[in-house]
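Data first, discussion second: the structure below is written as structure tokens.
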Amino acid sequence: MSLGSWIANRLFGIALLAYPRAFRRHFGDEMRDDFRRRAGSGRNTPGAFAALVRDGLRERATAVARWTLWPNHQPHLYEPSGRHAMSWDSIRADVRYTLRQAVQAPLYTLLAVSALALGIGANSAIFTVVQGVLLKPLPYQHPDQLVTVWSHNTAENKPENPISPANFADLRDQARSFAALEGYFSFVSNTQIVLDGPPEIAVTSFVSPGLFELLGRTAMLGRAIQPGDGAGITVISHGYWQRRFGSDPSVVGRQVTADGAPATIVGVMPPEFVFPYMGMVGPTGFTRTMDVDAWTTMMMTGPRMVDQSGRFIRNVHYLAAVGRLQPGISVEQARAGLAAAASRLEQAYPDTNKGWTTTVTALHEQVVGEVRPALLVLTGGVALILLMACVNVANLVLARGVSRQKELAIRATLGATRGRLMQQALTESLLLALTGGLLGLLVVRWGVQALIALAPANLPRVQEVAPDGTVFLVTLCVALATGTLVGIVPALFATRADLRPALQESSRGSVGSRSRHHMRAALVVTELALAVVLSVGAGLLLRSFATVMTLDPGFRPENLLTLQMSIPYTLTTPDARRAYYAQWFERLEGIPGVVAVGGTTRIPLGSTSVTTSVQVQGQDVPTSDLPEVEFRRAMHDYFEAMGIPIRRGRNFTTEDGPTSPPTVIVNEAMARRVFGQENPIGQHIRTGPNPSGPWSTVVGVIGDIRHSGLEAPPAAEMYVNYLQNPPVAPFIALRTDGDPAAVAERVRVAAAAFDSTLAIYDIRTMQQIRSAAVAERRFLLLLIGAFGVLALVLAAVGVYGVMALVVSERTQEMGVRLALGAPPSTVLSMIVRQAATLAAVGVTVGVAVATALTPLMASQLYGVQALDPITFAGVAALLVAIATLAALVPARRAMRVDPLRALRCD
Amino acid sequence: MDHFRADTFLPLTPVAFEVLLALADQSRHGYSILLEVEARSGGTVTLHAGTLYRALARLVEQNLIEEMDAPVGPGHDDERRRYYGITPRGVAVARAEIARLEGQLASARSRRRLQEGAA
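Residue numbers (my numbering), protein chains in the order written: chain A, 1 to 906; chain B, 907 to 1025.
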């Protein structure tokens, strides 16, 4: 044989491997022989080899398809007997059999199916939320190209500061990696709209004319704002259109008055359009609602944008920006490009730009980045619950395996193969899980509604959460995986043991009970460990929540009513406003139940804040290094109404009038920050780098207030008396002597009687505001807490189940012990000790796992370490106690065993 | 056999039909079928080994051909090989296929434009 033909023969042998083994066995020799005979004919070309392999692969596909998709009882090459281990007939038989079994053991079926339905449904419900919030693309065109741009104040470590108009214009010119960069006010405003009656408030977002084009969204009715639009062009939201205009299509083209200027409604946006999301507005602003009613053109040439000399303002920051990257440009590239532009600006305008660079964040990250950790914690928690449900059901299946041992043995004896028995077992668990999944879809439906209702109002995109096809598919996959997981262990187990002795045993036999027992013990240990992990998580969140709730906000939140108001636009002069407020406060003080009345420009926990730099007389600090403090106006008896203590000096009095020398009150944080050890009282300060500005005298120091959230440390802040420049849309605080909610209606009536053109809105008690401030924390605690409790219950049931089995299997042994004179208490302690051992093992494993996992939720904790020893020890003790208690019930039964009966029963 | 209907097998794949034709007069082994098909087609058809044996496997399963003992006599020299012969069902199916093809052919012949030499 030549080398060439030797190689060819080898190759042929290899090519034959493409065929299924049965085919090779049947035809291989002949094919090889044919090949040899043809060697000289010139037909054994590479193409022939390729055809050989191709045919082989086709045959394999055919074989697989015939084996799995459509098996029948026809004898064929791969099953010459025509007897298939798996066929539709046998599956049908298994399904029928399973259903019959399910009807015969309704309690078992009910328990298993409902545990799986809860587990699977809860997972899918959380997944629905995660999908809607985290996974779905934002409702803009090619949202992955969108980024937000902020000014980064490196000196104050504020990476997401709004941008000044001048810097925005310069960045826009220099942003080479951007296809477009558009701006909007970094806050939403309450605009007074006059339609046909008294002025109403519409929450408005001011956007540059190109913004909608950048987002790639068009109007549902009419048109969106477009490049080239002038001032006063307004588009309204779908919700506002329905609510205020009764879905009247003729609203397009309507002329209205907005903040005293003419405006035209040109279109209505579709219902799913949202802009801006909560994460997209800056830390400053006036109003606390985010449901935007209208979008209006923001003119770069407007009065807020340019100074008296007509140049863009560079030192006041109130624009936010969203950009679309050029195709193929990454966020990092865009970030580097803008940082370079910012450093050029820093050199060109050191007075205003020193220490300022830019932050570029992917829009999706900006919107949902903050809630991602909380949602991931939830996902992890609910996955653990499903795992526990699986373990519980596996335990149930295993327990039933005991009573079905004989049946399996008979079937095996009659010729059922191991594969056949496994198929039966898996059919059963898959059927359970699929039924569970189907019912789980109901859980999803109600669960998602409950989650949305429970969800904190500031959870971004919660309005976009809805179960869809993906959720259905995920549910199906989870159900299949669950079914396999639940079924595989008991199935392997049930078919592993030599079953024949079971036939010889009496019906109370305990053959294989040792390894079965080990298996159940392992499952219970798993359950206990999972319960430890969940309970530790819940415990840590509970401690965090308790810590946050006991934090002193710096004011007395009880018996406090707050509201926001917008005074009529006709009050253009400070004098007119002063007179208006004087009468208004007098009117409010006259309301029965009102103890003190005050107001401010930005209320704690419920609004935003604005900062200013301050200069201290006698301190020589470069302009760019001036400290930044929060700035508010105090109206009337604000500190008294809020219950904010005056620590040093005095409150504002009537002497601090419009014509008297300007005075300020600072908080303790600002006193420390700006004056250090010096006495702040009597010091002179002025706001901003303003060489000609008047100096104000510090007359008082108040306690620190947690403005931006209960968990955020108090910031340095200063108050000026409102009389020196009365605001137009302040927050009002009313201290009441009873339930503040009861006063709300009286305030509304008083306002209507006082001035029909006065708009008051957003009336809430401070307790409501405080509650909203911890809503996300409460949401997470509520769910993880519920998971924790559920886990404890499941663990208790698991321990009870396995100990009950132990007792029933050892009845005889106990009878002997009792008959030989052992005191019943030793029997009890024996059982309880066994349970405690299980618990100890489970708790140890659980603590180890929790130690690894809890640091992942560190971002959700406050005032407590992820490895908090108290929580860990408490949970461990709790679980051991629960396990012991759960074991007591069967242990007491064991203690009361009648020795005679126990001995007789075999 | 009760439910046997030849037309449920139609149309046959070209390879299956060739195999039935090759086995119509005598039983053959695989290689012999290969040679017969190639000879009959004047060498224009090359039957790959894989294609042939897959077709044989399916035809056996469908009971259109059957494996049989090697016939005795000259030309049937190789006893190691499996011989295949057509079954009555195979004959019926082959006839049905021939009828189907004849019908097609007749139909084709009646179309003037498809005739050779036609414009």
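No residue lacks a Cβ here, since even glycine has one placed at the ideal position from N, Cα and C.
Contact criterion: CB-CB distance below 7 Å. Does residue i meet it with respect to chain A?
i, result
"B/His954", "yes"
"B/Tyr937", "yes"
"B/Ala1012", "no"
"B/Arg960", "yes"
"B/Ala963", "yes"
"B/Val925", "no"
Give me the chain B residues within the contact set of residue i, using Cβ-Cβ distance strictly less than 7 Å, ordered along the chain.
i, result
"A/Ala48", "His954"
"A/His238", "The contacting residues do not exist; A/His238 stays about 59 Å from chain B at best."
"A/His76", "Glu967"
"A/Glu59", "Arg960"
Whose Cβ in chain A lies nearer than 8 Å to the Cβ of residue i?
i, result
"B/Leu940", "Asp34"
"B/Ala912", "Those within 8 Å of B/Ala912 in chain A number zero; the least Cβ separation is about 18 Å."
"B/Arg988", "Glu30"
"B/Thr957", "Ala51 and Asp55"
Of all Cβ atoms in chain B, is any one closer than 7 Å to the Cβ of residue i?
i, result
"A/Phe27", "yes"
"A/Met519", "no"
"A/Ala51", "yes"
"A/Asp55", "yes"
"A/Leu441", "no"
"A/Ala8", "no"
So, using beta-carbon positions, are residue i and residue j closer together than 7 Å?
i, j, result
"A/Ala224", "A/Phe212", "yes"
"A/Val864", "A/Arg543", "yes"
"A/Pro890", "A/Leu818", "no"
"A/Ala531", "A/Ala791", "yes"
"B/Ala930", "A/Asp34", "no"
"A/Ser696", "A/Ile685", "yes"
"B/Ala1036", "B/Leu916", "Here chain B comprises residues numbered 907 to 1025, so residue 1036 of chain B is not present and cannot be evaluated."
"A/Leu413", "A/Asp94", "For the sequence presented, residue 413 of chain A should be read as Thr rather than Leu. No, these two residues do not count as a Cβ contact at 7 Å."
"A/Leu879", "A/Val843", "yes"
"A/Tyr277", "A/Pro162", "no"
"B/Leu965", "B/Arg995", "no"
"A/Pro946", "A/Leu723", "Lying outside 1 to 906, the shown extent of chain A, residue 946 of chain A is not represented and no answer is given."
"A/Gln429", "A/Gly788", "The question names Gln, yet the displayed sequence has Ser at residue 429 of chain A. No."
"A/Pro456", "A/Phe779", "yes"
To which residues does DSSP link residue i through a beta bridge?
i, result
"A/Gln255", "A/Thr264"
"A/Asn161", "A/Ser151"
"A/Gly598", "A/His636 and A/Ala733"
"A/Ser771", "Its beta-bridge partners do not exist; DSSP assigns none."
"A/Ile410", "Answer by DSSP bridge pairing: none, since A/Ile410 is not bridged."
What residues of chain D sit near residue i, judged by a beta carbon separation below 8 Å?
i, result
"A/Arg37", "Absence of chain D from the displayed structure is noted, the protein chains being A and B."
Starting from residue i, find everything on chain B with Cβ-Cβ shorter than 9 Å and list it in chain order.
i, result
"A/Phe23", "Tyr959, Arg960 and Ala963"
Next item on the list: Check whether the segment 590-605 of chain A touches the segment 625-637 of chain A, counting contact only when three or more Cβ pairs, one atom from each stretch, lie closer than 8 Å.
Entry: Judged by Cβ distances under 8 Å, the segment 590-605 of chain A makes contact with the segment 625-637 of chain A, as three or more pairs qualify.
Margin query: Across the segment 524-537 of chain A and the segment 793-804 of chain A, are there enough close Cβ pairs to call them in contact, namely three or more that are closer than 8 Å?
Written below: Contact between the segment 524-537 of chain A and the segment 793-804 of chain A is present, with at least three C-beta pairs closer than 8 Å.
Note to self: Under 8 Å: do the segment 694-707 of chain A and the segment 741-760 of chain A share three or more Cβ pairs, one atom per stretch?
What the structure shows: Flag = no, the segment 694-707 of chain A and the segment 741-760 of chain A do not touch.
Notebook entry, point to check: Do the segment 358-365 of chain A and the segment 611-631 of chain A meet, that is, are 3 or more Cβ pairs less than 8 Å apart?
Noted result: Contact between the segment 358-365 of chain A and the segment 611-631 of chain A is absent: fewer than three C-beta pairs spanning the two stretches fall below 8 Å.
Note to self: I want to know whether the segment 389-408 of chain A touches the segment 141-152 of chain A - three or more CB-CB distances under 8 Å.
What the structure shows: When Cβ pairs closer than 8 Å are counted between the two stretches, the segment 389-408 of chain A is seen not to touch the segment 141-152 of chain A, the count staying below three.
Next item on the list: Examine the Cβ distances between the segment 322-331 of chain A and the segment 166-185 of chain A and report whether three or more of them are shorter than 8 Å.
Entry: Verdict: yes, contact present.
Checklist line | At least three beta-carbon pairs within less than 8 Å, the segment 290-310 of chain A to the segment 195-205 of chain A | finding: Cβ pair count under 8 Å is three or more, so yes.
Notebook entry, point to check: Would you say the segment 725-732 of chain A touches the segment 664-683 of chain A, given that touching needs at least three Cβ pairs under 8 Å?
Noted result: No, they do not touch.
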